[in-house]
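Asker:
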Amino acid sequence: MALSKPNEYKEVPAQQGETTVYAEDINQIISNIEKIKGGQANEAPISNIKELKERVDGLTNGSTSSASKIAFNNDNANLDFSDGYDFPPIKNQLSDNYNISLVTDYYLNSLSHIDNAEEVYDLVLEKSTDKYVLKGTLIYNNNNTSSNLIFNIISIQKKGEEKNKDIIYITNELSQFIYQYANASDNEIVIEGEEKLKYNFALVLGSPMFVIGKQDSSSFEAKEYTININIEISVNNIRNYQDFIFIQGTNDTVSFIKANNKNEKIVFQGNTKSKVGNTIFIIFNISMLENYLDIKTDKNDSYYIEANDMITSNKNKPIKYYIRKSVIDGTELSEKYSNINMTFGYLEIKHTDDTDIEKDEILSFNLTAQKNVDVEKIEKEKNIQNAIEILNSKIIDILNYLGLNFEEPQAGTIFTFEKTSLTLEVGDESTNINADIIKDITNLSLIANEDGSLNLKGSFEISNEGMGVIRVNKKLKLYKRKLVGVIYKEIQIICLYQDDYLYLIIMANKIQNTIFDLENIKIYDNNIICPIDFNYIKLTGHQVSEDFGIHLIDGKYILKGSITPNTVSISVYVNCYIEDFFENSKTYQYEGYTILIQNTKPLYGYISITGLTANKENTIYFECPKQPSI
Numbered sequence: 217m218a219l220s221k222p223n224e225y226k227e228v229p230a231q232q233g234e235t236t237v238y239a240e241d242i243n244q245i246i247s248n249i250e251k252i253k254g255g256q257a258n259e260a261p262i263s264n265i266k267e268l269k270e271r272v273d274g275l276t277n278g279s280t281s282s283a284s285k286i287a288f289n290n291d292n293a294n295l296d297f298s299d300g301y302d303f304p305p306i307k308n309q310l311s312d313n314y315n316i317s318l319v320t321d322y323y324l325n326s327l328s329h330i331d332n333a334e335e336v337y338d339l340v341l342e343k344s345t346d347k348y349v350l351k352g353t354l355i356y357n358n359n360n361t362s363s364n365l366i367f368n369i370i371s372i373q374k375k376g377e378e379k380n381k382d383i384i385y386i387t388n389e390l391s392q393f394i395y396q397y398a399n400a401s402d403n404e405i406v407i408e409g410e411e412k413l414k415y416n417f418a419l420v421l422g423s424p425m426f427v428i429g430k431q432d433s434s435s436f437e438a439k440e441y442t443i444n445i446n447i448e449i450s451v452n453n454i455r456n457y458q459d460f461i462f463i464q465g466t467n468d469t470v471s472f473i474k475a476n477n478k479n480e481k482i483v484f485q486g487n488t489k490s491k492v493g494n495t496i497f498i499i500f501n502i503s504m505l506e507n508y509l510d511i512k513t514d515k516n517d518s519y520y521i522e523a524n525d526m527i528t529s530n531k532n533k534p535i536k537y538y539i540r541k542s543v544i545d546g547t548e549l550s551e552k553y554s555n556i557n558m559t560f561g562y563l564e565i566k567h568t569d570d571t572d573i574e575k576d577e578i579l580s581f582n583l584t585a586q587k588n589v590d591v592e593k594i595e596k597e598k599n600i601q602n603a604i605e606i607l608n609s610k611i612i613d614i615l616n617y618l619g620l621n622f623e624e625p626q627a628g629t630i631f632t633f634e635k636t637s638l639t640l641e642v643g644d645e646s647t648n649i650n651a652d653i654i655k656d657i658t659n660l661s662l663i664a665n666e667d668g669s670l671n672l673k674g675s676f677e678i679s680n681e682g683m684g685v686i687r688v689n690k691k692l693k694l695y696k697r698k699l700v701g702v703i704y705k706e707i708q709i710i711c712l713y714q715d716d717y718l719y720l721i722i723m724a725n726k727i728q729n730t731i732f733d734l735e736n737i738k739i740y741d742n743n744i745i746c747p748i749d750f751n752y753i754k755l756t757g758h759q760v761s762e763d764f765g766i767h768l769i770d771g772k773y774i775l776k777g778s779i780t781p782n783t784v785s786i787s788v789y790v791n792c793y794i795e796d797f798f799e800n801s802k803t804y805q806y807e808g809y810t811i812l813i814q815n816t817k818p819l820y821g822y823i824s825i826t827g828l829t830a831n832k833e834n835t836i837y838f839e840c841p842k843q844p845s846i
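Plus 216 on top of the position in the sequence shown (first one is 1) and you've got the numbering used here.
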């Protein structure tokens, strides 16, 4: 079809040598093309070719352009997608609202079927800005002294959906929010005459439960309790089952296997421990795994495949496994659940010699997905504006992956902290830490200094004793060996740099105060490797030079500094990367001194020096026995 010439025509002068010629304005050309296509004229024209080039160069140099600066009329857009390409619905969307129906454990025992329940309580789990709030009122008539008040969950209902009574589905959903015992903060669980309570969602004896106990594990008296619930759960502590696989052994041991991005591929990593010998582990969110792994639908020994290095055992025995799912009628568990379909996932696993997994055996996973291995594919998007936003987000993700989108701490920059959760792999054990004991961190900040070091400044508040974790709210480009290992005040703070975030693990035991003023503590020294915490030095009464630590001198790593101890020995805490320079648990002799290094990775290490002269300056200048690459 022939195109008619637009009415708008604008010429601009241009100089070619000594001759002036006239040509149509490029912005008018762009405007006319838009109108011919049925769109609208460009409202923010590029003034010249140089500006256009600068915009393009900006993108190639790592800058990103917000889609809010780009206008597009979607009415005339018609995007086509190939039907042959697989876009699995991997992303699990959390609901903004859950209605949870519960009955007391003693009332459940009296029922022939859960559909006959009349004495039902409801808790609401609802999103509120950056957190979810679990709220409602429960009544428990405790006829005998007991260590827990137990409510069985008989259904869960997402906003806009029907009630679901599948106990595995219930456990799937709720374990994303609460997956281990957590200490209740003030006013989160209010029971008259009781304080320092704890709570958990758990699958016990084939039934999902909401359990309330005392932090000291003492018993509740025999009487009726009215329980007011108002529990806040930070979105940072949620374990969305897009990212975490929830596994439970036959002994109720709970583990999480995390779906990680390794070179833009999905790899499932983590540990689980069998506290009793068994060959089956329950996998709750099996529907997510179906996107990635070959899932069988029946039980057959011919399905076993050797895991090689994808699943290993601390017993050094080779492993074989397969994964299956099974849809059963609830009658197989109890008549109370008859005619309710339930979908179980199972990890069938044993040694290749057909022996069972042993008691206390630890299984480590490094399992690469068999299909749809590319990380988070983009769903079909026919709205151009939304598509641009998605692509812009992917560019930022790529920059993050390549390490080009970090925050470089500039002098005077002030960073804030956020509550979070963290899984630590310490030896063969996996420990989950959340922020439940953290009450207020609004007055705590991290400040960048002129020399590149970082100081903690301000105060924070905790609700009770225990362990909690927070992190700086931005990724930082740091040299992890220059972190202080442990900060000693009335509590202990372990500094950890992991996945490009700076974490603070707070350990509070036998506290007298709940508010802690950190004043101005250096936690990152840009001039020293494995620096020490001088707050701890003050507590010991020793005198240590400010430069004590490891220095790179003439291409060699040297442990140097001076010590004036009040005894003949001294021990100082450092970060766990001390093992890059010294063998762990090995003693070294230096001019009459004995130097011992101990390390607990990924938490901290310490240096112990004996043979010092008390109340006299002792100079250390010792070449590190291990010299890692610079």
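For every residue, glycine included, the Cβ atom is placed at its ideal position computed from N, Cα and C.
For the alpha helix (DSSP H) containing Asn-513, name the first residue and the last one.
Answerer: Sequence check: residue 513 is Thr here, not Asn. It is not in any alpha helix (DSSP H) - Thr-513 carries neither H nor E in the DSSP assignment.
Asker: For the alpha helix (DSSP H) holding Lys-832, just list the boundary residues, first then last.
Answerer: Element bounds for Lys-832: n/a, residue is neither H nor E.
Asker: Rounded to the nearest angstrom, what separates Tyr-820 and Phe-797 at their Cα positions?
Answerer: Going by the C-alpha atoms only, they are around 14 Å apart.
Asker: Sort out for me which residues DSSP pairs Val-349 with in a bridge.
Answerer: Glu-342, Glu-448.
Asker: With a threshold of 16 other CB atoms inside 10 Å of the CB of Val-784, please say whether the residue is buried or exposed.
Answerer: With fewer than 16 other Cβ atoms within 10 Å, it is exposed.
Asker: Are Leu-734 and Tyr-713 closer than 7 Å when you measure CB to CB?
Answerer: No, the Cβ-Cβ distance between Leu-734 and Tyr-713 is not below 7 Å.
Asker: Taking the alpha carbon of Met-723 as the reference point, which residue from Ile-686, Ile-384, Lys-698, Thr-568 has its own alpha carbon closest?
Answerer: Among Ile-686, Ile-384, Lys-698, Thr-568, the Cα nearest to that of Met-723 is on Ile-686.
Asker: Taking the continuous beta strand (DSSP E) assigned at Asn-582, which residues delimit it?
Answerer: Unbroken beta strand (DSSP E) run through Asn-582: 577-584.
Asker: Tell me the rounded alpha-carbon separation between Gly-777 and Ser-661.
Answerer: Approximately 30 Å, taken between the alpha carbons.
Asker: Between Asn-403 and chain B, is any beta-carbon pair separated by less than 7 Å?
Answerer: This model lacks chain B altogether, as it is built from one protein chain only.
Asker: So, is Leu-768 buried or exposed, given that buried needs 16 or more other C-beta atoms within 10 angstroms?
Answerer: By the 10 Å Cβ count, Leu-768 comes out exposed.
Asker: When we look at the beta-carbon of Val-492 and count the other beta-carbons within 10 Å, is it buried (16 or more) or exposed?
Answerer: With fewer than 16 Cβ atoms within 10 Å of its Cβ, Val-492 is classed as exposed.
Asker: Would Ala-830 be called buried (16 or more neighbouring beta carbons within 10 Å of its own) or exposed?
Answerer: It counts as exposed.
Asker: Compare the C-alpha of Ala-627 against each of Ile-657, Glu-641, Lys-635, Gly-668 and name the closest.
Answerer: Per the Cα distances, Gly-668.
Asker: Please work out which residues of its chain come closer than 6 Å, Cβ to Cβ, to Tyr-441, disregarding the five sequence neighbours upstream and downstream, and give them in chain order.
Answerer: Excluding positions up to five away in sequence, the list reads Tyr-356, Ile-407.
Asker: Name the DSSP bridge partner or partners of Glu-677?
Answerer: Its beta-bridge partners are Asp-656, Ile-731.
Asker: Pull up the distance between the alpha-carbon of Leu-563 and that of Ile-825, whole angstroms please.
Answerer: Straight-line Cα distance between these residues: approximately 49 Å.
Asker: Assign Ser-317 to one of three DSSP states: helix, strand, or coil.
Answerer: In this structure, Ser-317 counts as strand in the three-state DSSP scheme.
Asker: Could you tell me the alpha carbon to alpha carbon distance between Asn-360 and Gly-701, rounded to whole angstroms?
Answerer: Cα-Cα distance, rounded: 48 Å.
Asker: How about the region 532-547 and the region 504-517: do they share at least three Cβ pairs that are nearer than 8 Å?
Answerer: A contact exists between the region 532-547 and the region 504-517.
Asker: Classify Val-591 as helix, strand or coil using the three-state DSSP reduction.
Answerer: Low confidence applies to Val-591: its pLDDT is 47, below 50, so where it sits in the model is not reliable, and the reading given next is rough at best. Residue state, collapsed to three classes: coil.
Asker: Could you work out which residue in Thr-320, Asp-402, Ser-328, Ile-386 is closest to Phe-417 when comparing CA atoms only?
Answerer: Per the Cα distances, Ile-386.
Asker: Output needed for Asn-364: all residues of its chain with C-beta closer than 7 Å, excluding positions within five of it in sequence on either side, in chain order.
Answerer: The answer, listed in chain order, is Val-427, Ile-428, Gly-429.
Asker: Just to check my reading of the structure: Ile-473 and Ile-482 have Cβ atoms closer than 8 Å, yes? What is that Cβ distance to the nearest angstrom?
Answerer: Their Cβ separation, rounded to whole angstroms, is 12 Å, which puts Ile-473 and Ile-482 out of contact at 8 Å.
Asker: Could you tell me the alpha carbon to alpha carbon distance between Asn-689 and Lys-552, rounded to whole angstroms?
Answerer: Whole-angstrom Cα-Cα distance: 47 Å.
Asker: Whose C-alpha, out of Leu-413, Ser-529, Ser-637, Met-425, is nearest the C-alpha of Gln-431?
Answerer: Residue Leu-413 is the option with its Cα nearest to Gln-431.
Asker: Would you tell me roughly how many angstroms separate the C-alpha atoms of Ser-311 and Thr-803, rounded to the nearest one?
Answerer: Rounded to the nearest angstrom, the two C-alpha atoms are 56 Å apart.
Asker: Among Leu-339, Tyr-719, Asn-743, Thr-730, which has the Cα closest to the Cα of Lys-655?
Answerer: Comparing Cα positions, the closest option is Thr-730.
Asker: Alpha carbon to alpha carbon, how far is Asn-659 from Ser-845? Give it in angstroms, no decimals.
Answerer: Their backbone Cα atoms lie some 39 Å apart in a straight line.
Asker: Quick one: what's Met-558 bridged to in DSSP?
Answerer: Ile-544, per the DSSP bridge assignment.
Asker: Report the rounded CA-to-CA distance for Ile-372 versus Gln-392, giving the unit in angstroms.
Answerer: When rounded, the distance between both Cα atoms is 14 Å.
Asker: Mind checking which residues open and close the beta strand (DSSP E) that includes Phe-393?
Answerer: Here Phe-393 belongs to no beta strand (DSSP E), and DSSP marks it neither H nor E.
Asker: Is DSSP giving Asn-368 helix, strand or coil here?
Answerer: The answer is strand: DSSP assigns Asn-368 an E or B state.
Asker: From this set, Ile-443, Gly-409, Tyr-322, Asn-325, which residue's C-alpha is nearest Leu-339's C-alpha?
Answerer: Nearest of Ile-443, Gly-409, Tyr-322, Asn-325 to Leu-339, Cα basis: Ile-443.
Asker: Considering only residues of the same chain and omitting the five flanking positions on each side of Ser-423, which have a CB-CB separation below 7 Å?
Answerer: Asn-368, Ile-383, listed in sequence order.
Asker: Kindly list the residues whose CB is nearer than 7 Å to the CB of Glu-378, restricted to its own chain and excluding five residues on each side of it in sequence; keep chain order.
Answerer: So the list is empty, once near-sequence residues are dropped.
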